[in-house]
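Using our numbering, read the sequence shown as starting at 11 and increasing by one per residue.
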Amino acid sequence: MTLQHLQPLRGLQVQSLHRLARPSWICPSCRPNGPLSRRWNSSAQTKEKPFYVTTPIFYVNAAPHIGHLYCTVLADVVKRWQQINGREAYLCTGTDEHGMKIQRAAAKEGMEPKAFCDVNSEKFRSLTHDADISNDFFIRTTDADHKDAVAQFWLQLKHAQLGLYKGTHEGWYCVSDECFYPADLVRPSIVPQTGKKIMVSVESDNEVEWVKEETWFFPLTKYKDALLKFYDENPDWVKPANRMQEVRDWVENHLEDLSVTRPVSRLNWGVSDPEDPSQTIYVWVDALINYITKTGYGSKWRSPTEDMGIWPADLHIIGKDILRFHAIYWPALLLALGLPPAKGILCHNHWTMSNRKMSKSLGNVVNPVFALQRWDVDPLRYFLMRNGNFSKDMSYSNDIISAIYGKELQANIGNLFYRIAKPKSAAGWSTEKAVDASNSGAFKELDTIKGKEEYAQFFSLESVLARAPDAFSNEMKDYNTSGAIREVYELLRETNRFITDTQPWVLAKQTQPLSPVLLNWTIHRSAEALRIAAILLQPMMPGKMKRLLDEMGVQPTRRTVAYAKPEADDAYGTANETKSNHDRANKHLTLFPPMASGDVSDAEVLQQLQAYLGAKAAKSKMNQMVELLAMEARMGEAQVAKLLETDLPMEQTPPNDPN
């Protein structure tokens with residue numbers, strides 16, 4: 011492999027690789043007013059409750075992976091979609107820092123648990139910033155306000171009508187999953203490397219150990235009828251439907267009372283029972299309470315008779331491996347206190363690497379920080395939302411990303427933008443002229459030619475343009491980002507076809523009476539498609555779409571879904587000036603600049619960067635400084651430092667993945 015493969019990466023924009031400031035594309039009327047200490051007060055306002063979406067809080071026993079990034083971006087897209095629909099919205103994410111898994115991981119590193127958590131939690135917080143996540147809260151279970159909320163929830167739970175009881179528990183416990191498993195969900199296995207016989211969970215394939223200890227129990231079995239009734243009344247509560255059926259099957263066939271403490275002698279890293287310091291509260295009870303901590307539970311409300319602020323959550327977004335905790339344990343715990351469960355759960359699948367399970371031993375784990383740096387923030391967000399689905403595991407592949415980037419972003423969006431809004435300076439059109447023509451009523455002249463076969467191509471975009479906004483919105487109602495993106499892709503593909511068929515560059519040179527009107531009509535309809543697509547894609551690509559809308563002259567207050575329909579905006583457009591075409595001349599300044607080839611793995615890209623810099627350094631210190639300055643100018647100083655310090659495993663990516 012040669013240095014030539016690195017040229018696209020070296021051309022990345024500085025801005026795209028720097029951590030982004032908080033997004034500024036939301037119209038002022040859609041923004042929350044201040045931090046959440048400003049929480050919504052139902053007694054003071056009559057508008058609907060703000061939308062509240064959550065991610066799981068992520069374990070800090072290891073660094074973030076691509077699945078964490080996907081889940082967080084999905085939640086961010088859901089939040090941003092609500093905002094451009096005119097609804098106030100909040101997003102909560104964070105880290106889960108208690109439990110035996112953390113205690114053992116910290117001990118293995120020779121660190122105190124809190125110091126270990128501080129280091130790893132910051133990696134997750136940093137990732138949210140790097141990925142332009144507009145979270146309102148980043149909660150840590152070691153935060154004082156959360157521990158207070160857990161203690162208050164625990165005391166309420168302990169003294170509820172169907173509260174806790176003390177007893178002796180013995181069963182199969184999985185440290186990796188932080189839960190007990192019934193005997194019928196455990197099977198024997200053998201460790202391949204040692205031949206040691208072990209027992210593992212049927213669900214997760216992780217090792218379990220037999221434990222006998224005195225604990226407090228939550229009488230989960232007594233909530234069986236209440237849970238089933240709740241599911242009956244809310245049949246679409248868990249999406250997709252097959253996951254809802256899994257939940258019902260578990261409640262009907264595997265329900266057991268839940269051991270909700272661990273002896274301090276075995277687990278001391280967690281929140282202690284305020285009334286029984288010999289017991290540590292079960293990490294999952296501790297973790298689930300995070301969803302109400304930031305709504306003000308414990309500090310501003312404790313019962314449903316009080317103003318619960320933004321609770322209940324409108325949507326919990328989770329991975330399939332933690333469905334039982336969120337769809338069975340969590341609603342039962344809330345029902346015990348008379349509190350309403352979340353309004354819905356969205357359960358996604360896992361990511362594989364080129365259709366192979368990601369594994370450190372295989373060396374094919376995707377580093378999300380490097381992926382953001384390599385592909386740029388918005389293109390990677392677009393890929394994750396485009397290829398994400400809820401029916402099967404999803405495949406991450408640099409080949410796939412590269413193909414999508416070239417076809418859908420560079421060609422279908424970027425090139426269309428430059429064809430329509432920033433044509434070559436010699437072209438005889440501009441979006442400003444086209445919008446002015448529409449406003450002046452010039453297009454009424456075309457009424458006489460509608461229906462004539464020789465002019466059919468000029469009206470061939472209308473049906474797609476009319477249906478795309480509603481089709482996109484319908485997909486987003488089901489949180490189907492992949493389906494929504496497909497609708498925009500088809501709209502823009504049709505628009506590219508429309509431009510090719512109508513040939514505005516030919517119309518601009520013609521002298522027939524209708525030619526100027528047809529030219530402006532062609533540009534206006536194409537610009538409308540591009541404007542609508544950019545508004546709708548804001549949640550997926552906030553930075554890129556802001557730039558596109560800025561350069562099309564769309565006012566910030568006209569970027570909501572209400573304006574995402576034909577003829578909804580009569581005050582946008584820019585003149586076709588020579589200076590506006592500067593970025594066309596430099597491919598690295600375009601909306602979607604060249605990127606590294608997809609057949610080069612992340613590790614290979616990194617190795618080539620290091621080798622290239624090393625070769626320069628071998629000549630002289632001055633050469634090294636010159637090359638460093640050049641790289642920093644292209645990519646940003648902080649990002650060059652990160653790239654050169656990154657220690658990535660080699661990916662086992664087939665060079666010609668057909669997918």
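Built from N, CA and C at the ideal position, the CB exists for glycine as well.
When burial is assigned at 16 or more other CB atoms within 10 Å of the CB, is residue i buried or exposed?
i, result
"Q548", "buried"
"K304", "buried"
"D386", "buried"
"R136", "Correcting the residue type first, residue 136 is Ser in the shown sequence and not Arg. Exposed, since its Cβ has fewer than 16 Cβ neighbours within 10 Å."
"N422", "buried"
"K519", "exposed"
"G608", "buried"
"E266", "exposed"
"V129", "exposed"
"K157", "buried"
"G319", "buried"
"K207", "exposed"
"S440", "buried"
"V201", "exposed"
"T512", "buried"
"N71", "buried"
"P350", "exposed"
"H336", "buried"
"E418", "buried"
"R32", "Confidence is the limiting factor: at R32 the pLDDT is only 35, short of 50, which leaves the residue's position unreliable and the question unanswerable from this model."
Ends of the alpha helix (DSSP H) at residue i?
i, result
"Y80", "76 to 94"
"E132", "123 to 140"
"S525", "525 to 546"
"I208", "Here I208 belongs to no alpha helix (DSSP H); instead the beta strand (DSSP E) covers 207 to 211."
"H156", "154 to 168"
"S448", "441 to 449"
"N500", "A small correction: the amino acid at residue 500 is Glu; Asn does not occupy that position in the sequence shown. Unbroken alpha helix (DSSP H) run through E500: 491 to 512."
"D242", "234 to 243"
"P378", "378 to 385"
"W340", "340 to 346"
Checking the sheet assignment: what are the DSSP bridge partners for residue i?
i, result
"A99", "F61"
"T290", "R272, S282"
"L325", "V63"
"Y191", "W182"
"H358", "G329"
"T105", "F68, R150"
"K222", "E180"
"W311", "Y307"
So, at 6 Å on beta carbons, what are the nonlocal neighbours of residue i in its own chain, with the 5 sequence-adjacent residues on each side left out?
i, result
"S186", "N216"
"N145", "L101, T103, T138"
"M486", "W91, A494"
"G438", "A518"
"Q255", "none"
May I ask which residues mark the beginning and end of the beta strand (DSSP E) holding residue i?
i, result
"F147", "147 to 150"
"S405", "404 to 406"
"W260", "No beta strand (DSSP E) contains W260, which is instead part of the alpha helix (DSSP H) from 251 to 263."
"P198", "196 to 200"
Looking only at its own chain, which residues have a Cβ that is under 8 Å from the Cβ of residue i, when we skip the five neighbours before and after it?
i, result
"N425", "N506"
"D612", "V376, N377, F380, A381, R384, N408, L658, E661"
"I495", "Y392, M395, R396, L547, M550"
"M403", "In the sequence as presented, Met is not what sits at residue 403; that position holds Asp. Answer for D403: N359, H360, W361, T362, listed in chain order."
"V274", "S282, P287, S288, Q289, T290"
"H179", "F190, V221, K222, E223, E224, T225, F227, S269"
"N596", "none"
Less than 7 Å between C-beta atoms, sequence neighbours within five positions excluded: which residues of the same chain meet that for residue i?
i, result
"V261", "K234, L237, L238, I338"
"G77", "G329, H360, W361"
"E504", "L471, V474"
"K460", "F469"
"L456", "V527, W531"
"E122", "A116"
"M444", "Per the sequence shown, the amino acid found at residue 444 is Ala instead of Met. Excluding positions up to five away in sequence, the list reads N530, I533, H534, A537, G583."
"D155", "T303, S309"
"I149", "I67, C102, G104, H156, N300, T303, K304"
"G280", "H108, G109, T290, I291, V293, D296"
"P322", "P350, P351, A352, K353"
"K133", "A73, P74"
Could you tell me whether the region 288 to 297 touches the region 196 to 216, where touching means 3 or more Cβ pairs closer than 8 Å? no
Is it true that the region 527 to 543 meets the region 557 to 576, where meeting means three or more beta-carbon pairs spaced less than 8 Å apart? yes
Would the region 187 to 199 count as touching the region 342 to 359 if we require 3 or more Cβ pairs under 8 Å? no
At a cut of 8 Å, does the region 244 to 264 reach the region 156 to 174 through at least three beta carbon pairs? no
Three or more C-beta pairs below 8 Å linking the region 68 to 82 and the region 135 to 149: yes
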